[in-house]
Structure formats: structure tokens, C-alpha cells
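Visitor: Let me give you the structure first, and then I'll get to my questions.
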Amino acid sequence: MTKYTDQGKQDTRSGYGAGMTELGRTNPNVVALCADLVGSLKIETFIKESPERFFQTGIAEANMMGIAAGLTIGGKIPFASTFANFATGRVYDQIRQSIAYSDKNVKICASHAGLTLGEDGATHQILEDIGLMKMLPGMTVINPCDFNQTKAATIAIAEHHGPVYLRFGRPKVANFTPVDQTFEIGKALMLSEGTDVTILATGHLVWQALLAAESLENQGISAEVINIHTIKPLDDKAILDSVKKTGCVVTAEEHNYLGGLGESVARVLATHHPTPQEFVATQDTFGESGTPEQLMEKYGLNNKAIEAAVLKVLKRK
């Protein structure tokens, strides 16, 4: 069914590190900031090769956002990186006022997002960051699916003028997109064409959507899988073109169903083409400590949950 195969599991945060390494070599205006989490963000090579372009702010994330905003005034392109919880919830006021309202060219790069942070538990597993960021006027929100796409997205956002929230994760997951891909902000990617149901997935759930589609095909159900790597701006046309063909949709994300991809899609459908929709997402809850696999199973964020949602939404067509 699908031309995509797992090329070997890698963590998306390492994709960010690889993208930063390339930017360090090709774009002299790119600078990096980090809140005492260099190893977790995988930017050691950037720092080794361009030490004068790195700013270690320590565990002072609000200060890091202010410094990043200031650096843009001198023409620098700051990549401010820390865990997603600290990159959004802890510093929302600084992002709103100093970056979004001021339209500063800051790239907020957030690792360890969602439940797959794992054993560190609920205090670190932010599941509302996409909602927080997408509601800020002018903020671009990107959630790539694997190592290769995260690297490509990291490189692409350096060329985009304006604030960006780039979300990625901790665990090693399937790496299945092309090594040499071009990342186009706001352009959804058709991964598998189908006629019975549309599956719109983002981040770690994209691979799970492909696995679900393969299982559904064995049941005689043709699922169209689309990778929504950019939550904002959303590719309304790709979504509408697909649902007009299939007649129903499932959205899948490692995020609260309130405020995430699913709600953005529901807005598009309600405005232009009302369509039955099911949501694969956390149900207005905090997480807990556990392995990524245990948590994704318990909270219904895997291929089995997507498959069940498809079977449910098909009955509503």
C-alpha cells in the first residue's frame, strides 16, 4: 500500500541537531540559545564549530526568550531551544509580548513534547503547547514526523521571516521520509491515496497512521493518509480536497484534543464542508510517568487507536 519503510529508528531531536549543524555551516546569521539542555537538544556540533554563535542562558527560559528577541534587532536569526513545556508554558508572556506581538524573527525550538517524553512524568509532558502557540497572531507552528523531516524543517525555518514554533520529541521513532526532501511550510504531504476515509496526522502519529492504513487495507478499507506537518498555517485546500472525496476524517496527534490539530481541522470543515470527524488525541488530561510505548497505548495514541477511530467514523458517513 505504502512506499514508505522505516529506514531505522532515530529521535526527532537529533534531526533538529543535524539541521542546526548544517545551518551553522551555511548561514552565518543563525545563532543558538539553550537553557542548560545542550545534550538533550543535540546541538553539540553546532557549538563546537561555532562557539561564538552560542548563548548558554542557564535555567532562565524567560530571559532566553528576551535575549532571542533582542538578537533579531541586529539581524541575527536566533534558535532558542529547550523542553517544550519550558519553551511555551513557562514563558508564554515573554513569547506573546517580546516575540509574537513584536513580530520578531525568533525560532522557538521545543524538544521532549507530548507523552513520549516518558518517564519524567506529567509536569514535563506538555499536551497543550500547539494550542498555546497557534493562538498567537503571526506564529507559525510546525510539528514534523521523523528525523529527516525535522532536519529539513529546521533548515527551512531559517529562511522564513517571522516567529516559528518547531515541536519535536525525545524517543527514537521510525525514520521514513526522504533524506533529501524539501520542506515547504504550510504544504501538507500526501503519503497514501485512498477513497474511503481521510487520516490527517501530525508528528509521531504520522507513522502510526501509515501502519493503521496498512491494516485497514487488509480489511478492504481504503485510507488516505496526509502528513500535516504545519499546524499553522494549515493547508486548508489539501484537507478539503481529500474529505470531499472520502466523506469522513480522522485527525491524529500527540496533544490534547482541545486546541490541537483536530480543532483546527474542525474549524475548516465547519466553515467550508461539514464532515464526520473523529479525534485521536488525549482527552483533556495530564499524562503520567511511563515508557513512551506504555503511555501511547494507555492514552490511545497509536495505530490501533487510529484504526478504531476510522471504523467509528465510517459508520457516520
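Residue 847 in our numbering sits at position 244 of the sequence shown, with consecutive numbering throughout.
Heads up, the beta-carbon is just placed ideally off N, CA and C, and yes, glycines get one too.
(1) With distance defined between alpha-carbon atoms, name the residue in 730, 695, 805, 913 nearest to residue 830.
(2) Extract the residue ranges of the beta strand (DSSP E) inside the segment 666-743, only unbroken runs of 3 or more that lie entirely within it.
(3) I'd like to know if the segment 795-804 and the segment 776-783 are in contact, where contact means that at least 3 CB-CB pairs between them fall below 8 Å.
(4) Assuming contact is defined by CB atoms lying nearer than 7 Å, are residue 747 and residue 807 in contact in what I supplied?
(5) Can you tell me which residues form a DSSP beta bridge with residue 775?
(6) Rounded to the nearest angstrom, what separates residue 765 and residue 679 at their Cα positions?
(7) Taking just the CA atoms, how far does residue 796 sit from residue 675?
(8) Please state whether DSSP places residue 635 in a helix, a strand or coil.
(9) Under 6 Å Cβ to Cβ from residue 904, same chain only, skipping five residues before and after it: list those, please.
(10) Going residue by residue through the segment 874-909, where are the continuous alpha helix (DSSP H) segments of at least 4 residues, counting only ones entirely within it?
(11) To the nearest angstrom, report how far apart residue 693 and residue 733 are at their CA atoms.
(12) Is the segment 768-780 touching the segment 738-753 in the sense that three or more CB pairs, one from each, lie closer than 8 Å?
(13) Suppose you measure from the CA of residue 672 to the CA of residue 738; what does that come to, to the nearest Å?
(14) DSSP three-state label for residue 817, please.
(15) According to DSSP, simplified to helix, strand and coil, what is residue 921?
(16) So, under 8 Å CB-CB, residue 683 and residue 730 are touching, yes? Tell me the CB distance rounded to an integer number of Å.
(17) Name the two residues that bound the continuous alpha helix (DSSP H) containing residue 782.
(18) My guess is that residue 639 and residue 661 are in contact by the Cβ rule of under 8 Å, so how many angstroms apart are they, rounded?
(19) Considering just the uninterrupted stretch of the beta strand (DSSP E) at residue 608, what are its terminal residues?
(20) Going by the beta-carbon positions, is the gap between residue 686 and residue 653 smaller than 7 Å?
(21) Please confirm whether residue 867 and residue 898 have their CB atoms less than 7 Å apart.
(22) Taking contact to mean at least 3 C-beta pairs separated by less than 8 Å, is the segment 843-850 in contact with the segment 883-896?
(23) Pair every Cβ in the segment 700-718 with every Cβ in the segment 812-829, then say whether three or more of these pairs are closer than 8 Å.
(24) Out of 707, 742, 743, 688, which one is the CA nearest neighbour of residue 723?
(25) Counting only the same chain and skipping the five closest in sequence on each side, list residues whose C-beta sits under 8 Å from that of residue 875.
Guide: Inspection of the coordinates gives the following:
(1) Within the sequence shown, numbered from 1, the residue matching residue 830 stands at position 227. With respect to the C-alpha of residue 830, the residue from 730, 695, 805, 913 having the closest C-alpha is 805.
(2) With a minimum length of 3 residues, the continuous beta strand (DSSP E) runs that stay inside the segment 666-743 are 680-686, 710-714.
(3) The count of Cβ pairs closer than 8 Å, one atom from the segment 795-804 and one from the segment 776-783, stays below three, leaving the stretches out of contact.
(4) As a working note, residue 747 is residue 144 in the sequence shown. As a working note, residue 807 is residue 204 in the sequence shown. With contacts defined by Cβ atoms closer than 7 Å, residue 747 and residue 807 do not form a contacting pair.
(5) The count along the sequence shown starts at 1 and reaches residue 775 at position 172. BP columns for residue 775 point to 614.
(6) If you number the sequence shown from 1, residue 765 lands on position 162. If you number the sequence shown from 1, residue 679 lands on position 76. So the two alpha carbons sit approximately 12 Å from each other.
(7) Taking the first residue of the sequence shown as position 1, residue 675 is located at position 72. Taking the first residue of the sequence shown as position 1, residue 796 is located at position 193. Counting only the Cα atoms, residue 796 lies some 42 Å from residue 675.
(8) Indexing the sequence shown from 1 puts residue 635 at position 32. Strand at residue 635.
(9) Walking along the sequence shown from the start, residue 904 turns up at place 301. Counting only residues of its own chain and dropping the five nearest sequence neighbours on each side, residue 904 has a CB closer than 6 Å to the CB of 857.
(10) Qualifying alpha helix (DSSP H) stretches, in chain order: 895-901.
(11) As a working note, residue 693 is residue 90 in the sequence shown. As a working note, residue 733 is residue 130 in the sequence shown. If you draw a straight line from the Cα of residue 693 to the Cα of residue 733, it comes to about 14 Å.
(12) A contact exists between the segment 738-753 and the segment 768-780.
(13) Here residue 672 is taken as the residue at index 69 of the sequence shown, counted from 1. Here residue 738 is taken as the residue at index 135 of the sequence shown, counted from 1. Taking the Cα positions, residue 672 is about 19 Å away from residue 738.
(14) One-based indexing of the sequence shown puts residue 817 at position 214. Helix.
(15) Here the chain covers residues 604 to 920 and nothing more, so residue 921 does not appear.
(16) What you label residue 683 is simply residue 80 of the sequence shown in a count that begins at 1. What you label residue 730 is simply residue 127 of the sequence shown in a count that begins at 1. The beta-carbon separation of residue 683 and residue 730, rounded to 21 Å, does not stay under the 8 Å limit for a contact.
(17) Counting from one through the sequence shown, the residue named residue 782 turns up at place 179. Here residue 782 belongs to no alpha helix (DSSP H), and DSSP marks it neither H nor E.
(18) Position 36 of the sequence shown holds residue 639. Position 58 of the sequence shown holds residue 661. About 5 Å separates the Cβ atoms of residue 639 and residue 661, confirming a contact at the 8 Å cut-off.
(19) Your numbering for residue 608 matches position 5 in the sequence shown. Residue 608 -> no beta strand (DSSP E), and no H or E assigned at all.
(20) Mapped onto the sequence shown, residue 686 falls at position 83. Mapped onto the sequence shown, residue 653 falls at position 50. By the CB criterion at 7 Å, residue 686 and residue 653 fall outside the cutoff.
(21) Here residue 867 is taken as the residue at index 264 of the sequence shown, counted from 1. Here residue 898 is taken as the residue at index 295 of the sequence shown, counted from 1. No Cβ-Cβ contact shorter than 7 Å links residue 867 with residue 898.
(22) No contact exists between the segment 843-850 and the segment 883-896.
(23) Flag = no, the segment 700-718 and the segment 812-829 do not touch.
(24) Indexing the sequence shown from 1 puts residue 723 at position 120. Among 707, 742, 743, 688, the Cα nearest to that of residue 723 is on 688.
(25) Position 272 of the sequence shown holds residue 875. For residue 875, where only same-chain residues beyond five positions count, the Cβ hits under 8 Å are 839, 843.
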